[in-house]
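Visitor: My questions will all concern the structure given below.
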Amino acid sequence: MSVNKVILIGNVGNDPEVKHLDQDVKVAKFRMATSESYRAKNGERVTTTEWHNIVLWRGLAGVVEQYVKKGSRLFIEGKLTHRQYEKDGETKFFTEVVANNMVMLDTKNNSQDNNQESPDSQASNNQSGSGNFEGVSEPEADDQGGDDDLPF
Numbered sequence: 011m012s013v014n015k016v017i018l019i020g021n022v023g024n025d026p027e028v029k030h031l032d033q034d035v036k037v038a039k040f041r042m043a044t045s046e047s048y049r050a051k052n053g054e055r056v057t058t059t060e061w062h063n064i065v066l067w068r069g070l071a072g073v074v075e076q077y078v079k080k081g082s083r084l085f086i087e088g089k090l091t092h093r094q095y096e097k098d099g100e101t102k103f104f105t106e107v108v109a110n111n112m113v114m115l116d117t118k119n120n121s122q123d124n125n126q127e128s129p130d131s132q133a134s135n136n137q138s139g140s141g142n143f144e145g146v147s148e149p150e151a152d153d154q155g156g157d158d159d160l161p162f
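Sequential numbering from 11 applies to the sequence shown in the numbering used here.
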């Protein structure tokens, strides 16, 4: 058995780029920063930041297009993928997190510059491409329980 699972909580570093592909399929891409802090031997607090390339498809991309912007705080769950391509005769390697679950962690007051209402619930990738993000789950997930099944 093997597991490829990534969980990140961080801030979006740029306004998401959303592309509309054939058959109304959307893909959203953005960079997300996560930070860790520790105390150095001299007692000074040191913060390190890692940048992650995030990719979301279909329904999640629609939610991103409508509500996510630079600075948004998100919970992302997905898997690591690696790609390579040629540029100027040199092979470049690229690592991305392909998300299948996203939760917006901003408060409504902090995340909205306009009068749009932000979603209150989590959004999960929807293979059918529907923009409806409330109550949507992965097709392979057996989501028969209610809130009573949540571990918190």
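We put the CB at the ideal spot given by N, CA and C, even for glycine.
Along the beta strand (DSSP E) that carries V113, what are the first and last residues, could you check?
Guide: Looking at the DSSP string, the run of the beta strand (DSSP E) that includes V113 is 100-114.
Visitor: Less than 7 angstroms separating the beta-carbons of A38 and V74?
Guide: A contact, by the Cβ cut-off of 7 angstroms.
Visitor: For L90 and V16, which I take to be in contact (beta-carbon distance under 8 angstroms), what is that distance rounded to the nearest angstrom?
Guide: So it is a contact: roughly 6 angstroms between Cβ atoms.
Visitor: Tell me whether V16 sits in a helix, a strand or coil according to DSSP, three-state version.
Guide: In this structure, V16 counts as strand in the three-state DSSP scheme.
Visitor: Let me know the secondary structure DSSP gives F85 once reduced to three states.
Guide: Strand at F85.
Visitor: For F104 versus R93, is the C-beta spacing smaller than 7 angstroms?
Guide: Yes.
Visitor: Decide if S45 is buried, meaning its Cβ has at least 16 other Cβ atoms within 10 Å, or exposed.
Guide: S45 should be labelled exposed.
Visitor: CB-CB under 6 angstroms to T57, same chain, minus the five flanking residues each way: which ones, in chain order?
Guide: S45, S47.
Visitor: With 16 as the cutoff for other CB atoms within 10 Å, does H30 come out buried or exposed?
Guide: Looking at its Cβ environment, which holds fewer than 16 other Cβ atoms inside 10 Å, H30 is exposed.
Visitor: What residues match up with E27 in a beta bridge as DSSP calls it?
Guide: BP columns for E27 point to K39.
Visitor: Please report how far the alpha carbon of L18 lies from the alpha carbon of T117, in whole angstroms.
Guide: Whole-angstrom Cα-Cα distance: 18 angstroms.
Visitor: Is V22 helix, strand or coil by DSSP?
Guide: Strand, per DSSP.
Visitor: Among A109, W61, A50, G99, which one has its Cα closest to the Cα of N24?
Guide: Per the Cα distances, W61.
Visitor: Starting from V73 and walking both ways along the alpha helix (DSSP H), at which residues does that stretch end?
Guide: V73 -> alpha helix (DSSP H) spans 68-77.
Visitor: Which residue wins for smallest C-alpha separation from K36, given the options R68, N52, T59, N110?
Guide: Ranking the options by Cα distance to K36, first place goes to R68.
Visitor: Measure the alpha-carbon distance for E27 versus V108 and round it to whole angstroms.
Guide: So the alpha carbons of these two residues sit roughly 15 angstroms apart.
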